[in-house]
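Below is one structure, written out as structure tokens, with a few remarks after it.
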Ligand code: ADP
Ligand code: ZN
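Residue numbers (my numbering): 1 to 308.
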């Protein structure tokens with residue numbers, strides 16, 4: 001049986017695991033320090049945990065990342081504000097250290113893949129996974145495949161109508177100021193209200209404003225991607241009061257134009273939390289490892305046919 005390793009690479013910590021799925025995945029977490037120190041630590045953990053040897057590793061990474069297999073910098077983290085990690089060849093470093101094929105994608109695409117296999121995206125070929133945490137990012141599953149395109153989706157950075165009289169906070173995105181991430185990430189809430197989001201009481205007006213911004217983002221993707229479900233994960237979504245507010249705001253924003261029970265009487269099943277909790281990303285990385293293993297075997301088989 002094949003043995004796969006999984007890495008969820010985050011800006012503050014790396015979560016790694018070895019196993020075959022939610023029931024047997026053994027995980028450990030390492031702080032994000034200097035790239036070579038971090039890669040060394042996760043590599044040693046994965047090797048030790050795998051015992052007889054790994055067959056492939058999957059990485060879901062913070063980004064932006066280069067996902068174009070034809071590019072000279074495929075597998076690199078590109079323009080991150082974390083200076084040490086800028087232009088770091090993460091997939092290459094992990095592949096070299098462990099000597100195995102590496103599957104590589106964004107953290108949110110990996111989370112979407114995890115939820116597709118074992119969670120709230122099972123049997124749903126078109127859905128969206130969004131994280132609302134330190135940043136905001138989304139992964140889209142379309143016809144059962146992750147959407148990549150030119151680079152990869154950057155859903156957190158869409159422009160959002162911003163009433164500066166009602167909300168004078170200018171927004172915290174270093175590139176755009178008041179894009180969705182700039183207005184509605186965890187750090188944006190903290191900058192606006194002066195206390196961390198987890199300390200805002202459930203009846204604080206900050207939650208209605210947060211739901212308003214998130215619903216504007218969701219309405220954009222409902223209209224552009226037509227997902228059959230939207231899974232909302234990340235630290236900020238831990239506030240239980242937020243889900244009902246977001247659902248109500250989304251229905252209000254769409255105003256009955258898109259006729260679907262999913263967006264009216266069944267909206268509780270449409271905007272949902274991840275079923276894999278905070279393990280969607282690392283479990284999705286396991287699926288990326290499986291895919292890398294399958295692709296590398298297909299390549300070996302194709303070469304054998306050519307040589308015959
Ligand atoms: P990351 O995005 O770095 O992977 P998280 O998804 O945990 O990490 O997001 C961290 C953000 O979530 C922080 O800004 C924090 O204030 C916020 N957060 C964490 N827990 C809660 C909570 N229970 N309620 C609201 N916000 C929270
Ligand atoms: Zn932005």
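Even for Gly, the Cβ is constructed at its ideal location relative to N, Cα and C.
Residue i versus residue j - alpha carbon distance
i           : j           : result
residue 203 : residue 195 : 15 angstroms
residue 161 : residue 99  : 48 angstroms
residue 76  : residue 29  : 21 angstroms
residue 110 : residue 35  : 21 angstroms
residue 82  : residue 37  : 15 angstroms
residue 264 : residue 247 : 9 angstroms
residue 274 : residue 306 : 44 angstroms
residue 127 : residue 146 : 10 angstroms
residue 15  : residue 164 : 39 angstroms
residue 285 : residue 168 : 39 angstroms
residue 349 : residue 303 : Residue 349 falls outside the range modelled here, since the chain spans only 1 to 308, and no answer is possible.
residue 291 : residue 300 : 14 angstroms
residue 235 : residue 191 : 16 angstroms
residue 280 : residue 206 : 27 angstroms
residue 112 : residue 11  : 19 angstroms
residue 179 : residue 158 : 6 angstroms
residue 295 : residue 272 : 33 angstroms
Enclosing beta strand (DSSP E) for residue i [first to last residue]
i           : result
residue 129 : 127 to 132
residue 232 : 230 to 233
residue 29  : 26 to 31
residue 107 : Premise fails: residue 107 lies in the alpha helix (DSSP H), 107 to 118, not in any beta strand (DSSP E).
residue 61  : 56 to 61
residue 7   : 4 to 9
residue 179 : Here residue 179 belongs to no beta strand (DSSP E), and DSSP marks it neither H nor E.
Residue i and residue j closer than 7 angstroms at C-beta
i           : j           : result
residue 97  : residue 43  : yes
residue 229 : residue 270 : yes
residue 151 : residue 129 : no
residue 288 : residue 119 : no
residue 231 : residue 185 : no
residue 219 : residue 245 : no
residue 153 : residue 172 : no
residue 116 : residue 58  : no
residue 67  : residue 143 : no
residue 39  : residue 93  : yes
residue 9   : residue 62  : yes
residue 105 : residue 60  : yes
Residue i beta carbon near the ligand HEM (any heavy atom closer than 6 angstroms)
i           : result
residue 273 : What this structure holds is the ligand ADP and the ligand ZN, not the ligand HEM.
For residue i, the first and last residue of its enclosing alpha helix (DSSP H)
i           : result
residue 91  : 90 to 98
residue 281 : 280 to 307
residue 45  : 35 to 50
ask   = What residues does the ligand ZN have around it, judged by CB closer than 6 angstroms to any heavy atom, in chain order?
value = Close to the ligand ZN, as judged by a C-beta nearer than 6 angstroms to any of its heavy atoms, are the residues 157, 173, 175, 176, 179, 181 and 182, in chain order.
ask   = Considering only residues of the region 181 to 265, which uninterrupted alpha helix (DSSP H) runs meet the minimum length of 4 residues and lie entirely inside it, listed in chain order?
value = Runs found: 186 to 193, 205 to 225 and 242 to 254.
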